[in-house]
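Reading the sequence shown from the start, the letters are residues 0 to 412 in numbering that gives the first Met the number 0. Beneath this line is the structure, given in structure tokens, with notes to follow.
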Amino acid sequence: MNTIEKSIVGLFSMGIMLTASAQTKTDKELRSLAVKYKDKYGIMDVDHLSTATKRALLWDQKLGNEWFIEFSEPQSLKGDLAYEEGVVRRDPSGIIKENDKYYVWYTKSTGPTQGFGGDMENEKVFPWDRCDIWYATSKDGWTWKEEGIAVARGKKGSYDDRSVFTVEIMKWDGKYYLCYQTVEGVYNVRVKEKVGMAWSTSPDGPWTKLDAPVIAPAENGVWKGKEDNRFLVEKKGDFDSHKTHDPCIIPFKGKFYLYYKGEQMGEEMTFGGRQIRHGVAIADNPLGPYKKSPYNPISNSGHEICVWPYNGGIASLITTDGPEKNTIQWSPDGINFEIKSFIKDAPHAIGLNRTAENEKEPTETLRWGLTHKYNNRNYQSIMRFSSERKTTHVAVGEKSVNGKTEKAESINK
Numbered sequence: 000m001n002t003i004e005k006s007i008v009g010l011f012s013m014g015i016m017l018t019a020s021a022q023t024k025t026d027k028e029l030r031s032l033a034v035k036y037k038d039k040y041g042i043m044d045v046d047h048l049s050t051a052t053k054r055a056l057l058w059d060q061k062l063g064n065e066w067f068i069e070f071s072e073p074q075s076l077k078g079d080l081a082y083e084e085g086v087v088r089r090d091p092s093g094i095i096k097e098n099d100k101y102y103v104w105y106t107k108s109t110g111p112t113q114g115f116g117g118d119m120e121n122e123k124v125f126p127w128d129r130c131d132i133w134y135a136t137s138k139d140g141w142t143w144k145e146e147g148i149a150v151a152r153g154k155k156g157s158y159d160d161r162s163v164f165t166v167e168i169m170k171w172d173g174k175y176y177l178c179y180q181t182v183e184g185v186y187n188v189r190v191k192e193k194v195g196m197a198w199s200t201s202p203d204g205p206w207t208k209l210d211a212p213v214i215a216p217a218e219n220g221v222w223k224g225k226e227d228n229r230f231l232v233e234k235k236g237d238f239d240s241h242k243t244h245d246p247c248i249i250p251f252k253g254k255f256y257l258y259y260k261g262e263q264m265g266e267e268m269t270f271g272g273r274q275i276r277h278g279v280a281i282a283d284n285p286l287g288p289y290k291k292s293p294y295n296p297i298s299n300s301g302h303e304i305c306v307w308p309y310n311g312g313i314a315s316l317i318t319t320d321g322p323e324k325n326t327i328q329w330s331p332d333g334i335n336f337e338i339k340s341f342i343k344d345a346p347h348a349i350g351l352n353r354t355a356e357n358e359k360e361p362t363e364t365l366r367w368g369l370t371h372k373y374n375n376r377n378y379q380s381i382m383r384f385s386s387e388r389k390t391t392h393v394a395v396g397e398k399s400v401n402g403k404t405e406k407a408e409s410i411n412k
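What follows is the structure, given as structure tokens:
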């Protein structure tokens, strides 16, 4: 075989899909690359290249460690957002600062989770079921005061009468916009989930809801039979035919890009995990109408949306599901993303620090923020995470490449 098509297949299996790896090169071209990067990759013999080495030679050789970070263990918050038995607080929004106070919005509910085996009409099937959106403020990002409900569930018969949750905040032109996930009616496994929105002239509200969702699932999937089973389909439809959720709006290039997570009817378990992908819908006005991009899905992996502007483009942290999970990616146009680093132990449901100086470093906005932790099966609490850029791996007392002697707390275990 004079090409490396089998190497490409192997690369997919490992979930390493750097843009350059989509190119096919001849053995001669690979040997030339091996000669050039022999010292970098420690290649013993340029005439005998393993499949793994061939993949490495196809990576973007200009990539450094600018995007590589490590996360610390999340730490408990103080005040009203400390863990409280019997209460769910989860999925924090991004953090903004107004009037010398940090603001965060989040999902809140009470009571245990019963799952889908009981009375779905009256019981709570998920921790994020029967929720309202609350908010809290803090002077230092550690001790928080719960201020109350920001957006409540709608009246019976409305598109958000069952639950409102997984909220994100955007400030634009003196106004504040909350976008969030909604459920209507009985929460069964085939229920369709949509994205709602509310706006205000103050972070403290009051909030005005839109009368209709801004994003809804594609309507081209077809369930098989009447059984309440989300895996039985006649036709799967688009990547978001079942659910649209985890929304986040970013002002970008004179428009508003609403990023969201899509779940497909008849979801499959792939070699990279659950079949979860991201999409984007674009509008000229923060309130819409939003039009889904024809390039959707714009990711082949991921779970919660975690995006931020950087260097004229959009960065995205991809976690949890799919062959490209545990990567940070970047796109110059907000649609076509390339992998910039592989990371580990990323917190769940990150609420980014939107007050950070994004252009300082690619991952500056990830230096600290909020996440949530499963304290037990029924109840979650909001935590604080932090990260740092890693440029070397040294032991205690060992000097790094820049001559700095590392302390015990900076050891990379």
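The C-beta atom is built at its ideal place from N, Cα and C for all residues, glycine as well.
{"Item": "Are K343 and W329 closer than 9 Å when you measure CB to CB?", "Value": "no"}
{"Item": "Short of 8 Å in beta carbon distance, which residues of its chain neighbour L48, apart from the five on each side in sequence? Order them along the chain.", "Value": "L29, R30, A33, I42 and L56"}
{"Item": "Kindly give me the distance between the Cβ atoms of R383 and I95, rounded to whole angstroms, as I take these residues to be in contact under 8 Å.", "Value": "Contact doesn't hold; Cβ gap of about 16 Å is too wide."}
{"Item": "If contacts are defined as beta-carbon pairs under 8 Å, then P361 and A314 qualify, I think. What distance do you get, rounded to the angstrom?", "Value": "6 Å"}
{"Item": "Which of the three DSSP states is assigned to S385 in this structure?", "Value": "strand"}
{"Item": "Considering just the uninterrupted stretch of the beta strand (DSSP E) at D245, what are its terminal residues?", "Value": "K242 to F251"}
{"Item": "Classify S20 as buried or exposed, calling it buried when 16 or more other Cβ atoms lie within 10 Å of its own Cβ.", "Value": "Residue confidence for S20 is low, a pLDDT of 42 falling below 50, so the modelled location carries little weight and cannot support an answer."}
{"Item": "Mind checking who P446 pairs with in its DSSP beta bridge?", "Value": "With the chain covering only 0 through 412, there is no way to say anything about residue 446."}
{"Item": "What's the gap between the Cα of G333 and the Cα of L351?", "Value": "18 Å"}
{"Item": "Keeping to the same chain, check which residues put their C-beta closer than 8 Å to that of S399; ignore five residues upstream and five downstream.", "Value": "T390, T391, V393 and E405"}
{"Item": "At what residues does the beta strand (DSSP E) containing D38 begin and finish?", "Value": "Counting along the chain, D38 falls outside any beta strand (DSSP E), though it belongs to the alpha helix (DSSP H) covering K37 to Y40."}
{"Item": "Using the Cα positions of D239 and K27, report the straight-line distance between them to the nearest angstrom.", "Value": "43 Å"}
{"Item": "Between C247, D118, R276 and M196, which lies nearest to N187 when the distance is taken from Cα to Cα?", "Value": "D118"}
{"Item": "Measure from the alpha carbon of K170 to the alpha carbon of each residue in K223, S92, H241 and W127, then state which is nearest.", "Value": "S92"}
{"Item": "For S385 and F70, I'd like the C-alpha separation in whole angstroms.", "Value": "6 Å"}
{"Item": "With distances taken between CB atoms, is the gap from G301 to T269 smaller than 9 Å?", "Value": "no"}
{"Item": "D131 and R161: beta carbons closer than 9 Å?", "Value": "no"}
{"Item": "Of the residues Y258, D245 and N284, which one's Cα is nearest the Cα of Y294?", "Value": "Y258"}
{"Item": "So the beta strand (DSSP E) L369 belongs to, where does it begin and stop?", "Value": "W367 to Y373"}
{"Item": "Alpha carbon to alpha carbon, how far is K223 from P126?", "Value": "28 Å"}
{"Item": "In chain order, what residues of the same chain have a beta carbon less than 6 Å from the beta carbon of V166, not counting five sequence neighbours either side?", "Value": "S92, W104, I132, L177 and Y179"}
{"Item": "How is T390 classed by DSSP in three states: helix, strand or coil?", "Value": "coil"}
{"Item": "Figure out for me which residue from F336, N325, M196 and H371 has the closest Cα to the Cα of I416.", "Value": "The structure shown does not extend to residue 416, since the chain is modelled only from 0 through 412, so no value can be given for it."}
{"Item": "Out of R229, R89 and V150, state which residue places its alpha-carbon closest to the alpha-carbon of W198.", "Value": "V150"}
{"Item": "Quick check: the Cα distance between P288 and G63, rounded to an integer number of angstroms?", "Value": "40 Å"}
{"Item": "Considering A51, what are the terminal residues of the beta strand (DSSP E) in which it resides?", "Value": "Careful: A51 lies outside any beta strand (DSSP E), inside the alpha helix (DSSP H) at T50 to L56."}
{"Item": "From the DSSP output, which residues share a beta bridge with C460?", "Value": "Residue coverage of the chain in this structure runs from 0 to 412, which leaves residue 460 outside it and unanswerable."}
{"Item": "Only counting the same chain, and skipping five residues up and downstream in sequence, which positions put a Cβ closer than 6 Å to that of R388?", "Value": "I68"}
{"Item": "Assuming E145 is part of the beta strand (DSSP E), what are its boundary residues?", "Value": "T142 to V150"}
{"Item": "If we ignore side chains and look at the alpha-carbon of each, how far apart do L286 and G110 end up?", "Value": "34 Å"}
{"Item": "Taking 9 Å as the threshold (C-beta atoms), are P202 and I168 in contact?", "Value": "yes"}
{"Item": "Can you tell me whether DSSP reads N363 as helix, strand or coil?", "Value": "The question names Asn, but residue 363 in the sequence shown is Glu. In this structure, E363 counts as helix in the three-state DSSP scheme."}
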